[in-house]
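Below you'll find the structure, written out as structure tokens, and then a few comments.
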Amino acid sequence: MGFDAFFFARLDYADKERRMNELEMEYIWRPNPLSLGNQTQIFTHVLYAHYSSPSGFNFDILDGDDPWINNAQSEDFNAAKEAKKMAGEIEERLQHYLTDDLFMVFGDDFRYMNAFQNYHNMDGMISYMNEHYGDKYLFKYSTPSDYIDALQKYQVQWPTKYDDMFPYSDSPDAYWTGYFSSRANDKAFTRKGSSVFHAQSQLLSEAVLDANKSKEQIGQILEAKEDFLDAMGINQHHDAITGTAKQRVADDYAFRISRAIKSSSDLYSSLIENKINLLSGLASDQKWVQCERTNSTFLDCPISEFSHELQNGFQMTVVVHNPSSLDLQ
């Protein structure tokens, strides 16, 4: 996929403890099949403490840690004390990695709500550490790419890992493997949403390219597609498709897919109608309605609204849209 490295935090607690002790927090991940050799390998970095700031150095408004104050004339001056703590943090972390370059992250979920406050404190920290500990450390803002580039100067024989990360537990007897099967209905509904989106996307894309469509119509089509894509994207979150979210959150995930399917149904039906009219000349004065129940009787579909007409020889046309690129017999 073009990535040079993989940074992650979630691995089995016992595996992480072993890796920290044996300096294997960075390694070459070469998954099976072995026949592919190093074609599929990737340099992998295990984050020291999730993707969180070092303890005591959370500068966001959501946290209660003290700000970093460099002004020695201030009654709240604490840079010397905080710098000593930071130096200790660095030395502790360096014990678990093979090189002298250290990748230290600052942030966490919902952080940087006040970006200025975060960067103001980090600016002060970087400035003070480089001035007073510059003979030993060089602090700078960086990126994962910069870090990987910095490792190139080391002649390190990295350990190699061939298998996956399972079974995964974050504490004794707390295994996460259940998320392959938990909330099976939600998983199935997400799969259904994906199928409907795939089917609709073909017609929506064709409609956008239709020169007869107005700018307003194209805007509506693109908006509907984007809304559906957004709902499906949210459901790929690692607490959504896995089924590990709280119930009220899981309900919201399902609601978003349901809303996306229903809100796009009329547009989908109209595009189907246009396609049928174009291909066969078949026109109807009745509104085309999508039936979402694939494993039920036709009476459960919208046609049930015409039960009276059915008793009087009412005729019904059923159209099956196959979005697959394969011809089905």
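In numbering that gives the first Met the number 0, the protein residues as written are 0 to 328. Backbone N, C-alpha and C fix where the C-beta goes; we use that ideal spot for every residue, glycine too.
Nearest CA to the CA of Glu323: which residue from His197, Leu203, Glu215? Along the sequence shown, one-based indexing puts residue 323 at 324. Looking at the sequence provided, one finds Ser at residue 323 rather than Glu. Closest option to Ser323, Cα to Cα, is His197.
Using only CA atoms, which one of Ser268, Leu46, Gly36 lies nearest to Arg18? Residue 18 sits at position 19 when you count from the first residue of the sequence shown. Comparing Cα positions, the closest option is Leu46.
List the residues that DSSP assigns as beta-bridge partners of Val45. Counting from one through the sequence shown, the residue named residue 45 turns up at place 46. DSSP output for Val45 lists Phe7 as bridge partner(s).
Should the region 159-167 be regarded as contacting the region 116-126, the criterion being three or more beta carbon pairs within less than 8 Å? no
Could you spell out the range, first to last residue, of the alpha helix (DSSP H) harbouring Glu91? As a working note, residue 91 is residue 92 in the sequence shown. It spans 78-93 - the alpha helix (DSSP H) in which Glu91 sits, taken as one unbroken run.
For the beta strand (DSSP E) holding Ile27, just list the boundary residues, first then last. The sequence position of residue 27 within the sequence shown is 28, counting from 1. Ile27 -> beta strand (DSSP E) spans 25-28.
Bridge partners - Thr159, DSSP secondary structure assignment: For the purposes of this step, residue 159 is taken as the residue at position 160 of the sequence shown. Paired residue(s): Ile27.
Does DSSP put Ser168 in a helix, in a strand, or in coil? As a first step, residue 168 must be located in the sequence shown, where it is residue number 169. Note: Ser168 maps to strand in three-state DSSP.
Tell me which residue opens and which closes the alpha helix (DSSP H) that Thr189 is part of. Your numbering for residue 189 matches position 190 in the sequence shown. Thr189 -> alpha helix (DSSP H) spans 183-207.
Should Gly218 be labelled buried (16 or more other beta-carbon atoms within 10 Å of its own) or exposed? Along the sequence shown, read from residue 1 onward, the residue named residue 218 stands at position 219. Exposed, since its Cβ has fewer than 16 Cβ neighbours within 10 Å.
Compare the C-alpha of Thr98 against each of Ile147, Arg182, Ala230 and name the closest. Taking the first residue of the sequence shown as position 1, residue 98 is located at position 99. Looking at the Cα atoms, Ile147 is the closest of the given residues.
N-terminal and C-terminal residue of the alpha helix (DSSP H) that Met103 is part of: Translated into the one-based positions of the sequence shown, residue 103 becomes position 104. Neither: Met103 is in no alpha helix (DSSP H) and is coded neither H nor E.
Just checking my contact of His367 with Phe6 at CB under 8 Å: how many whole Å lie between their CB atoms? The shown model of the chain, from 0 to 328, leaves out residue 367, and the question about it has no answer.
In the DSSP assignment, what residue or residues form a beta bridge with Tyr178? In the sequence shown, the residue the question calls residue 178 occupies position 179. DSSP, once it has assigned bridges, lists no residue as partnering Tyr178.
Going by beta-carbon coordinates alone, are Thr202 and Leu277 separated by less than 8 Å? Translated into positions along the sequence shown, residue 202 becomes position 203. Translated into positions along the sequence shown, residue 277 becomes position 278. Sequence inspection shows Leu at residue 202; the Thr mentioned does not correspond to that position. No, the Cβ-Cβ distance between Leu202 and Leu277 is not below 8 Å.
Would you mind sorting Gly242 into buried or exposed? The rule is 16 or more other CB atoms within 10 Å of its CB. In the sequence shown, residue 242 corresponds to position 243, counting from 1. It counts as buried.
Is the beta carbon of Tyr111 sitting closer than 8 Å to the one on Asp59? The sequence position of residue 111 within the sequence shown is 112, counting from 1. The sequence position of residue 59 within the sequence shown is 60, counting from 1. Yes, the pair counts as a contact, with Cβ atoms nearer than the cut-off.
Given a cut-off of 8 Å, decide if Gln199 and Tyr267 are closer than it, judged by their beta-carbon atoms. If you number the sequence shown from 1, residue 267 lands on position 268. If you number the sequence shown from 1, residue 199 lands on position 200. Contact: yes.
If you pair each beta-carbon of the region 223-237 with each one of the region 177-192, do three or more pairs fall below 8 Å? yes
If you run the structure through DSSP and keep just helix, strand and coil, what is Tyr127? Residue mapping note: residue 127 aligns to position 128 of the sequence shown, counting from 1. Under the three-state reduction of DSSP, Tyr127 is assigned to helix.
Bridge partners of Tyr50, per DSSP? Translated into the one-based positions of the sequence shown, residue 50 becomes position 51. DSSP output for Tyr50 lists Ala48 as bridge partner(s).
Thr39 by DSSP, collapsed to three states: which one? Translated into the one-based positions of the sequence shown, residue 39 becomes position 40. Helix, per DSSP.
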